[in-house]
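Peer 1: I have a structure I would like to understand better, so I am pasting it below and will then ask my questions one at a time.
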């Protein structure tokens, strides 16, 4: 495993922080998730939507309970910092300082520690104290203004949290690499808004050079869009000049369209996009999605079905790539999780069950910190752990 030997202390809730910790755990890091008493409980009566977020992001982690309201709880955390490589959190700005867990304090305990903080808007600036949720970030980053027809529309995926978690994991790995050269730790900060604005990679220069602020959903793009079929929907991505246009016409059974003066060039197809859309829409309704995909692929035209979640999870390519993984859950059932998209030669993919809250508290206290049975029992009695 690529990060074997790296120990991460995760102080995070919701999605962005746990997602970053999940990535690091998937790559082999020992991730110890530290939670306050009673915060996360999965009900015996069944799972709800919040439980699935916990199950999905807590794999390959250990769970311990620490009560930071008591001084002894903080002292235990400091003992853990001495033996850790990374502290990962997604607290709001100021919380770490109030707890005494800010980077300067941690560095005084372990000069090689890497502190990675994920916030909504950053630790400084006019918005630093605002609460941040995925919907708000998708809106403020401009993403919703270029999504949907008509916009604004939210993506059905929690993009800001997941992308923020990816940036954080990348920052941690880079800091670990730097530490190998310098011997010094570092402070890594990721703002979820920044992660979303970074996705505007091409739109930033387009705005400053052309004044373009739209995503183009109002512009007809008949060879780059979704179409309704006899039994569902598919998408066609026949863009890039004239390369795919003749093959698309053959797949549609309308070869004459390739030389039709109205559609003979990219610019003409744009000018007459509504008319071409109508033609393709009518043709597409005549066959099932699978039939169209076969015809289009045979002609070399990029196309794919608009899958519902159940279709994705049974897709032969998805299964071949081991992106749907069965895991034996500690509570007795088999749960299915999304796999790790990073495939590295010689690296075994390991997926350990999401733990029950506090499942590894005694193990960590005893094996990692060397606490005696008597001390552990006392801490439990006083509800410190």
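Numbering (the working numbering), first residue to last: -16 to 368.
All C-beta atoms in this analysis are idealised placements derived from N, C-alpha and C, irrespective of residue type, glycine included.
What you are looking at is a predicted structure, and each value in this text was computed from that prediction instead of being measured.
Could you round the C-beta distance between residue 146 and residue 179 to whole angstroms and report it? I think they count as a contact, below 8 Å.
Peer 2: Confirmed, Cβ separation roughly 7 Å.
Peer 1: List the residues that DSSP assigns as beta-bridge partners of residue 31.
Peer 2: In DSSP, residue 31 forms no bridge with anything.
Peer 1: Can you list, in chain order, the residues of its chain with a C-beta nearer than 6 Å to that of residue 93? Leave out the 5 residues immediately preceding and following it.
Peer 2: So the qualifying residues of the chain are 64, 65.
Peer 1: Near residue 296, which residues of its chain fall below 7 Å by C-beta distance, leaving aside the five closest residues on each side in sequence?
Peer 2: So the list reads 307, once near-sequence residues are dropped.
Peer 1: For residue 273 and residue 285, I'd like the C-alpha separation in whole angstroms.
Peer 2: Each residue's Cα considered, the two are about 14 Å apart.
Peer 1: Three-state secondary structure (DSSP) at residue 265?
Peer 2: Helix at residue 265.
Peer 1: Among 82, 44, 40, 358, which one has its Cα closest to the Cα of residue 54?
Peer 2: The residue with the shortest Cα to Cα distance from residue 54 is 82.
Peer 1: Please confirm whether residue 71 and residue -7 have their CB atoms less than 8 Å apart.
Peer 2: In this structure, residue -7 lies closer than 8 Å to residue 71 by Cβ.
Peer 1: Buried or exposed for residue 196, going by 16 or more other Cβ atoms inside 10 Å?
Peer 2: Label assigned to residue 196: exposed.
Peer 1: So who's on the other strand from residue -10, going by DSSP bridges?
Peer 2: For residue -10, which the question treats as bridged, DSSP gives the partners 13.
Peer 1: Within the same chain, show all residues whose beta-carbon is closer than 6 Å to that of residue 310, passing over the 5 residues directly before and after it, in chain order.
Peer 2: The answer, listed in chain order, is 318, 320, 334, 336.
Peer 1: CA-CA distance, residue 265 and residue 298?
Peer 2: Each residue's Cα considered, the two are about 28 Å apart.
Peer 1: Contact check, residue 268 vs residue 212 under 8 Å by CB: the rounded distance?
Peer 2: Confirmed, Cβ separation roughly 7 Å.
Peer 1: Roughly how many angstroms lie between the CA atoms of residue 48 and residue 363, to the nearest whole one?
Peer 2: Rounded to whole angstroms, residue 48 to residue 363 spans 10 Å at the Cα level.
Peer 1: Can at least three beta-carbon pairs, one atom from the segment 90 to 108 and one from the segment 164 to 184, be found at a separation below 8 Å?
Peer 2: The answer is yes - the segment 164 to 184 touches the segment 90 to 108, with three or more Cβ pairs under 8 Å.
Peer 1: Report all residues from its chain with a CB closer than 7 Å to the CB of residue 190; omit the five preceding and five following residues, and keep chain order.
Peer 2: The residues are 196.
Peer 1: Over the uninterrupted alpha helix (DSSP H) stretch that includes residue 232, give me the two end residues.
Peer 2: Segment 228 to 235, the alpha helix (DSSP H) holding residue 232.
Peer 1: Look at the alpha carbon of residue 27 and the alpha carbon of residue 314, and state the distance between them as a whole number of angstroms.
Peer 2: Its pLDDT being 46, under 50, residue 27 is placed unreliably by the model, and nothing is read from it.
Peer 1: Taking the alpha carbon of residue 187 as the reference point, which residue from 262, 365, 125 has its own alpha carbon closest?
Peer 2: Comparing Cα-Cα distances from residue 187 to each of 262, 365, 125, the minimum goes to 125.
Peer 1: I'd like to confirm the pairing. Which residues does DSSP put opposite residue 208 in its beta bridges?
Peer 2: 219, per the DSSP bridge assignment.
Peer 1: Looking at the secondary structure, which residues open and close the alpha helix (DSSP H) in which residue 174 lies?
Peer 2: Segment 169 to 174 is the beta strand (DSSP E) holding residue 174; no alpha helix (DSSP H) there.
Peer 1: In the DSSP output, what is residue 99 paired with across the bridge?
Peer 2: BP columns for residue 99 point to 71, 171.
Peer 1: Have a look at residue 209 and residue 292 and give me their C-alpha separation to the nearest angstrom.
Peer 2: Whole-angstrom Cα-Cα distance: 17 Å.
Peer 1: Taking the C-alpha atoms as reference points, what is the distance between residue 100 and residue 151?
Peer 2: So the alpha carbons of these two residues sit roughly 8 Å apart.
Peer 1: Unbroken beta strand (DSSP E) runs of length 3 or more, entirely within the segment 283 to 344: which are they?
Peer 2: Those beta strand (DSSP E) runs which fall completely within the segment 283 to 344 and span 3+ residues are 286 to 288, 307 to 311, 317 to 321.
Peer 1: In whole angstroms, give me the CA-to-CA distance for residue 201 and residue 232.
Peer 2: Unreliable positioning characterises residue 201 in this predicted model, as indicated by a pLDDT of 48, which lies under 50. The coordinate reading is nonetheless provided below. Taking the straight line joining both Cα atoms gives about 24 Å.
Peer 1: What's the gap between the Cα of residue 294 and the Cα of residue 302?
Peer 2: Computed Cα separation, rounded: 11 Å.
Peer 1: Mind pulling the beta strand (DSSP E) runs of 3 or more residues that sit fully within the segment 112 to 189?
Peer 2: Runs found: 169 to 174.
Peer 1: Can you find the residues in the same chain that come closer than 6 Å, C-beta to C-beta, to residue 304, ignoring five residues on each side of it along the sequence?
Peer 2: Taken in chain order, the list of residues that qualify is empty.
Peer 1: Could you round the C-beta distance between residue 102 and residue 39 to whole angstroms and report it? I think they count as a contact, below 8 Å.
Peer 2: About 22 Å separates the two Cβ atoms, so there is no contact after all.
Peer 1: Leaving out the 5 sequence neighbours to the left and right, which residues in its chain are closer than 7 Å to residue 444 when beta-carbon positions are compared?
Peer 2: Since the first residue of the chain shown is -16 and the last is 368, residue 444 is not available in this structure.
Peer 1: Taking its Cβ as the centre, do 16 or more other Cβ atoms sit within 10 Å of residue 271, making it buried, or is it exposed?
Peer 2: Exposed, because fewer than 16 other Cβ atoms sit within 10 Å of the Cβ of residue 271.
Peer 1: Who are the near neighbours of residue 371 in its chain, counting only those whose CB is closer than 8 Å to its CB and skipping five residues on each side?
Peer 2: As displayed, the chain neither begins before -16 nor continues past 368, which places residue 371 out of reach and without an answer.
Peer 1: With a 10 Å radius around its C-beta and 16 neighbouring C-beta atoms as the bar for buried, classify residue 73 as buried or exposed.
Peer 2: Buried, since its Cβ has 16 or more Cβ neighbours within 10 Å.
Peer 1: Cβ of residue 260 within 8 Å of Cβ of residue 245?
Peer 2: No.
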